[in-house]
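Participant:
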Amino acid sequence: MNKNIAVIRGDGIGPEIVEQALKVLNRIAELYGHSFTYTDVDMGGCAIDKWGDPLPAEMLKKCVESDSVLLGAVGGDKWNDVPGPMRPEKGLLRLRAGMGVYSNNRPAKIWPQLADASPLKKSIVDQGIDFIIVRELIGGIYFGEHKTEVVDGKATAIDILTYSEEEIERIGRIGFETARKRSKKLCSVEKSNVLDSSRLWKKVMHHLAAEYPDVELSDMLVDNCAMQIVKNPAQFDVVVTENMFGDILSDEASMITGSIGMIPSSSLGATTCGLYEPIHGSAPDIAGKDLANPIGTILSAAMMLRYSFDMAKEADAIENAVSAYLDAGYRTADIMSEGMTCVGCAACGDLILQNLKKE
Ligand code: NAD
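Numbering (my numbering), first residue to last: 421 to 779.
1) Kindly list the residues whose CB is nearer than 8 Å to the CB of Ala-629, restricted to its own chain and excluding five residues on each side of it in sequence; keep chain order.
2) Using the three-state DSSP reduction, which class does Thr-568 fall into: helix, strand or coil?
3) In its own chain, which residues sit with a C-beta less than 7 Å from the C-beta of Val-742, not counting the 5 before and 5 after it?
4) What residues are listed by DSSP as bridge partners for Phe-456?
5) Name the one or two DSSP bridge partners that Ser-685 has.
6) Could you check if Ser-455 is buried or exposed, using at least 16 other CB atoms within 10 Å of its CB as the buried criterion?
7) Any idea if Gly-701 is buried or exposed, counting beta-carbon neighbours within 10 angstroms, 16 or more meaning buried?
8) So does Ser-702 have its beta carbon nearer than 7 Å to some heavy atom of the ligand ADP?
9) Can you look up Phe-596 in the DSSP assignment and give me helix, strand or coil?
10) Arg-590 and Tyr-696: beta carbons closer than 8 Å?
11) Let me check one thing: in DSSP terms, what residues is Ile-428 bridge-paired to?
12) Taking Cβ to Cβ, would you say Ala-721 is nearer than 8 Å to Gly-432?
13) For Ile-676 and Pro-508, I'd like the C-alpha separation in whole angstroms.
14) Taking the runs of the beta strand (DSSP E) that are 3 residues or longer, which of them lie wholly in the stretch 585–662?
15) Of the residues Asp-639, Asp-497 and Glu-662, which one's Cα is nearest the Cα of Phe-563?
16) Which residue marks the beginning of the alpha helix (DSSP H) containing Lys-482, and which one marks its end?
17) As a quick exercise: from Ala-537, Leu-540, Val-484 and Ile-468, pick the residue whose alpha carbon is nearest that of Pro-505.
18) Among the residues of its own chain, which have a CB less than 7 Å from the CB of Ser-449, if the five just before and after it don't count?
19) Kindly indicate which residue of Ile-649, Asp-736, Asn-740 and Cys-768 has the alpha-carbon position closest to the one of Gln-547.
20) Counting Cβ pairs closer than 8 Å, one from the stretch 721–731 and one from the stretch 680–698, do we hit at least three?
21) Please return the same chain residues whose Cβ sits closer than 6 Å to the Cβ of Leu-582, not counting the five positions on each side in sequence.
22) So Asn-740 is in the alpha helix (DSSP H); what residue range does that whole segment cover?
23) Measuring alpha carbon to alpha carbon, tell me which of Lys-481, Asp-462 and Cys-483 ends up nearest Asp-473.
24) Given a cut-off of 8 Å, decide if Ile-594 and Val-554 are closer than it, judged by their beta-carbon atoms.
25) Just to check, is the beta-carbon of Asp-705 closer than 7 Å to a non-hydrogen atom of the ligand NAD?
26) Going by beta-carbon coordinates alone, are Val-614 and Cys-645 separated by less than 8 Å?
27) For Gln-533 and Cys-483, I'd like the C-alpha separation in whole angstroms.
28) Kindly indicate which three-state DSSP category Tyr-583 falls into: helix, strand or coil?
29) Taking the alpha carbon of Ala-737 as the point to measure from, which residue in Asn-422, Ile-680, Met-640 and Lys-778 has its own alpha carbon closest?
30) For the ligand NAD, I want to know if Ile-468 counts as a neighbour, meaning its beta carbon is within less than 7 Å of at least one of the ligand's heavy atoms.
31) Please go through the same chain and pick out, in chain order, the residues whose beta-carbon is closer than 6 Å to the beta-carbon of Ser-584, but skip the five residues on each side of it.
32) To which residues of the same chain is Met-723 closer than 6 Å at the C-beta, ignoring the five residues directly before and after it?
33) Determine the DSSP secondary structure at Val-763, reduced to helix, strand or coil.
34) Answer with buried or exposed for Glu-758, where buried requires no fewer than 16 other C-beta atoms within 10 angstroms of its C-beta.
35) Does the beta carbon of Pro-503 fall short of 7 Å from some heavy atom of the ligand NAD?
36) Is it a yes or a no for the stretch 596–605 touching the stretch 569–576, going by three-plus beta-carbon pairs under 8 Å?
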């Protein structure tokens, strides 16, 4: 199969981790007889430096015209003082909106080899952590009006949170469909005791539930969910929630699995052209030091193969190679533990490559 992948290396550790994922994709192409071509796309701080814009229109066009997009990470201290609309992260929000990817899928799964890296008690980890957060990605407060104005002589900041029935319904369907493919349990998370947008969210979810009688729907307030994720994560299978709640809960969920550097994500809309990226940021504190864990990006590439290119065997091969690498006792610094061998970002990529075999 021939596929054109738009590649955004971005800022900070972005170029280092993307490089490792490309090595893995190239080997997959060799092993399975595919042809992957890569189109470089500038986005984030590097695009601001080069083009004066975090995502110039022609860069977005390259992404929309590709078969899927692989992204490292964007942002960094250098661009902290850039005005709001020109910030690196705005490039990412515009990319998500421009690609129409309204559903962000983040697995929170503990690798048995890394159980010790979880900050949770062993008795909790032993019950298993394996759930998915389906997060609405292009609506809600992140996409509402943002302004700061002076009211009665005092600076006052306003951020608008809006959700339409239609926006809730389309992400709700992804939640129900995802639950159908797993244990048929869906937990809808909102703040309906306070927010109107959450009351509409809950109403739409329950309306949709009638179409999915095989799926058991439950509701949970977001503050309770934040507690339950650390108290009893085994209770969750699929969680569906709005943009900001999903942003926060998915970082919490990633932490209990050991390291933010291990978690991939997919973002999809109405087509198979998806956006695949690790859930972490550009980690400026370790950028350029060969310290980053590239596994979140490598597993994002595997998700791309599975969900956008229908290459399940190839995705399995990558996941098995990661597992074999962990079995062999190699760890990047973020997940290092006693008795293991500490390796850098590039060596991690090479070792995973050595374990990559045709399934
Ligand atoms: P971060 O995720 O970049 O880093 C948080 C901590 O985790 C740091 O200590 C970092 O060293 C560590 N870390 C992250 N990824 C790692 C990896 N692969 N391997 C090992 N350690 C890793 O979050 P932050 O520090 O809050 O943000 C840094 C920059 O990234 C900011 O400019 C922020 O806006 C941006 N950001 C970008 C994205 C994105 O591109 N999708 C997401 C979040 C934050």
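Note that CB positions come from ideal geometry on N, CA and C, so glycine has one too.
Facilitator: On the basis of the coordinates in this document:
1) Phe-596, Val-635 and Leu-637
2) strand
3) Ile-715, Ile-718, Leu-719 and Ile-772
4) Lys-423
5) Glu-697
6) exposed
7) buried
8) The model depicted lacks the ligand ADP and carries the ligand NAD instead.
9) helix
10) no
11) Leu-491
12) no
13) 28 Å
14) 605–610, 636–641 and 658–661
15) By alpha-carbon distance to Phe-563, the top candidate from Asp-639, Asp-497 and Glu-662 is Glu-662.
16) 477–484
17) Ile-468
18) First, the amino acid is wrong: residue 449 is Ala here, not Ser. Within the same chain, Ala-449 has close Cβ partners Ser-455 and Phe-456.
19) Nearest Cα to Gln-547 within the set Ile-649, Asp-736, Asn-740 and Cys-768: Ile-649.
20) yes
21) First, the residue type needs correcting, since residue 582 is Thr and not Leu in the sequence shown. Gly-564.
22) Segment 732–747, the alpha helix (DSSP H) holding Asn-740.
23) Nearest of Lys-481, Asp-462 and Cys-483 to Asp-473, Cα basis: Asp-462.
24) yes
25) yes
26) Not in contact: Val-614 and Cys-645 (Cβ atoms no closer than 8 Å).
27) 36 Å
28) coil
29) Lys-778
30) no
31) none
32) Pro-684, Ser-686 and Tyr-696
33) coil
34) exposed
35) no
36) no
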